[in-house]
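393 is the number of the first residue of the sequence shown in my numbering; add one for each residue after it.
Ideal Cβ positions, reconstructed from N, Cα and C, are used throughout, including at glycine.
Here is the structure we will look at, set down as structure tokens.
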Amino acid sequence: MPAHKPLRPANVLAAIEYGEAHAGLTPMPRYYIANRQLGGALREVWTSTEPPHFERHDDVALCRTDTYLAGFVQTAVCKSSIEWTSQMLMRKVLRLVTERGYSRLLRFWNYVPAINRAHDGLEHYHRFCIGRHKAFIAHGCEIARDAPAATAVGHIAQTLAIFFIATNRPLVAIENPRQLSAYRYPRQYGPRSPSFARAVLSGDPRKGDAQLFLSGTASIVGHRSLHDNATAQTEETLLNIRVLIEQAERQCGALFDWNDAIALKVYLRNVADLARVKEMIAAVLPTTQTLFLQADICRSELKVEIEGVWNCRSA
Ligand code: 3EB
393 MPAHKPLRPA NVLAAIEYGE AHAGLTPMPR YYIANRQLGG ALREVWTSTE PPHFERHDDV
453 ALCRTDTYLA GFVQTAVCKS SIEWTSQMLM RKVLRLVTER GYSRLLRFWN YVPAINRAHD
513 GLEHYHRFCI GRHKAFIAHG CEIARDAPAA TAVGHIAQTL AIFFIATNRP LVAIENPRQL
573 SAYRYPRQYG PRSPSFARAV LSGDPRKGDA QLFLSGTASI VGHRSLHDNA TAQTEETLLN
633 IRVLIEQAER QCGALFDWND AIALKVYLRN VADLARVKEM IAAVLPTTQT LFLQADICRS
693 ELKVEIEGVW NCRSA
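See below:
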């Protein structure tokens with residue numbers, strides 16, 4: 393939401409600021425990601441109808457409600473330790489959410505330093521994927537059932553930063569029929585496949601109270617990246633998103649209106665693509681708050697990635 397809008401602090405779980413922290417004495421937990429916000433001054437604000445309680449566990453900042461546990465943690469990594477650090481940090485988060493009774497993984501954002509750079513012949517992103525996968529397996533996760541919706545993009549700071557939301561309510565994982573599930577990607581994309589679901593539904597669609605959390609979605613069909621320019625990639629990505637939402641409707645007996653997007657976040661590799669991509673998104677979702685962020689995307693040929701949260705319609 394725009395930084396100038398008044399907030400009801402009692403219901404704010406977390407506010408995430410990008411680029412530079414906004415001035416102001418807002419009494420809420422603020423997290424900070426150094427990646428530049430493009431053409432706007434929005435902050436990402438997570439709210440709940442339930443009152444939040446704030447805690448710390450070591451270096452993990454936590455906010456819990458009756459239903460959700462959200463948290464933020466970051467740690468310095470050197471290039472030879474990305475795999476190990478990812479595994480340790482992820483294990484810590486998984487243990488923590490389970491110990492507190494919020495064992496269902498809803499949404500993870502992973503900011504990986506120098507994500508496209510390689511160390512000893514293996515890209516940092518692939519090292520992150522190995523560490524994450526080991527942590528999920530060690531925790532007893534069945535990837536196809538338990539993996540959260542996620543985003544993994546480049547962090548311009550030298551830390552691995554993870555923001556997560558877990559819950560004690562059942563979740564439904566949704567896959568995209570146009571895309572091979574990421575956890576089934578062939579080995580050409582790295583020794584361990586990325587552990588995430590294309591989308592996760594939280595809540596009860598029959599009561600008209602449910603939200604669909606879309607993972608970062610890119611111009612991938614099957615397992616291949618398509619198109620070399622941001623315009624065509626955005627077109628393909630929007631189609632992927634439409635198909636994914638339709639799949640969620642079929643699978644969950646839920647109804648989603650395309651225009652009920654609560655918020656979108658768009659990651660752009662190249663600032664030069666901002667105007668065109670912004671225009672394309674405004675053309676299809678004119679009233680949705682959209683935050684544009686400069687970020688490297690996990691495959692070096694990808695120029696754009698889009699994520700969002702959709703509200704379910706009452707039946
Ligand atoms: C893709 O579909 C694009 O590794 O957590 C998107 C969302 C992507 C999440 C992750 C990766 C991740 O494979 C990349």
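How long is the line joining the alpha carbons of residue i and residue j, rounded to whole angstroms?
i    : j    : result
A610 : Q625 : 7 Å
A591 : H511 : 31 Å
P443 : N703 : 20 Å
A640 : F446 : 32 Å
A350 : R483 : This structure does not reach residue 350, given that the chain is present from 393 up to 707, and the question cannot be answered.
K599 : L660 : 36 Å
S440 : N403 : 5 Å
P394 : G513 : Bear in mind that the predicted position of P394 carries a pLDDT of just 45, short of 50, making it unreliable; the figure below should be weighed with that in mind. So the alpha carbons of these two residues sit roughly 42 Å apart.
R642 : H619 : 29 Å
E412 : I566 : 34 Å
L405 : N508 : 32 Å
H396 : V658 : A caution first: H396 carries a pLDDT of 46, below 50, which makes its placement in the model unreliable, though a value can still be read off. If you take the alpha carbons of H396 and V658, they lie about 21 Å apart.
N583 : N568 : Residue identity differs from the one stated: residue 583 is Pro in this sequence, not Asn. The alpha-carbon atoms of P583 and N568 are separated by roughly 22 Å.
T679 : T559 : 29 Å
L461 : C455 : 6 Å
W476 : A675 : 43 Å
G608 : L488 : 24 Å
V701 : C521 : 24 Å
A553 : A653 : 26 Å
A708 : L434 : Nothing in the structure corresponds to residue 708, since the chain is present only between 393 and 707.
L593 : L563 : 6 Å
N632 : D458 : 33 Å
C470 : M480 : 14 Å
E515 : Y581 : 10 Å
I689 : E697 : 7 Å
A407 : R492 : 22 Å
V635 : R537 : 20 Å
D649 : N621 : 29 Å
N651 : N662 : 27 Å
N427 : L666 : 15 Å
Y577 : L677 : 30 Å
M672 : Y517 : 28 Å
Would a C-beta distance cut-off of 8 Å place residue i and residue j closer than the cut-off?
i    : j    : result
E699 : L604 : no
Y503 : F464 : no
A687 : G595 : no
C644 : P597 : yes
A539 : F556 : no
Y575 : I535 : yes
Q429 : L685 : yes
Q681 : A655 : yes
R691 : S573 : no
S587 : H525 : yes
R561 : L647 : no
K670 : G431 : yes
E409 : L683 : no
T629 : R668 : no
V613 : R570 : yes
I474 : R519 : yes
T543 : P505 : no
A453 : R499 : no
G523 : S478 : yes
In this structure, what does DSSP give as the bridge partners for residue i?
i    : result
H511 : L514
F684 : V658
R492 : BP columns for R492 are empty, so no partner.
G546 : V504
A530 : DSSP, once it has assigned bridges, lists no residue as partnering A530.
I689 : V545
L497 : A558
G582 : Answer is none; G582 lacks a bridge partner.
G700 : L606 and L656
L552 : T467
I566 : A591
R705 : L647
For chain D, check one thing: does any of its Cβ atoms lie closer than 8 Å to the Cβ of residue i?
i    : result
L606 : Of the protein chains in the structure, only one exists, and it is not chain D.
Secondary structure, beta strand (DSSP E): runs of 3+ residues fully inside the segment 588 to 642: 591 to 596 and 601 to 609
Mind pulling the beta strand (DSSP E) runs of 3 or more residues that sit fully within the segment 402 to 478? 404 to 410, 422 to 425, 436 to 439, 445 to 449, 452 to 456 and 460 to 468
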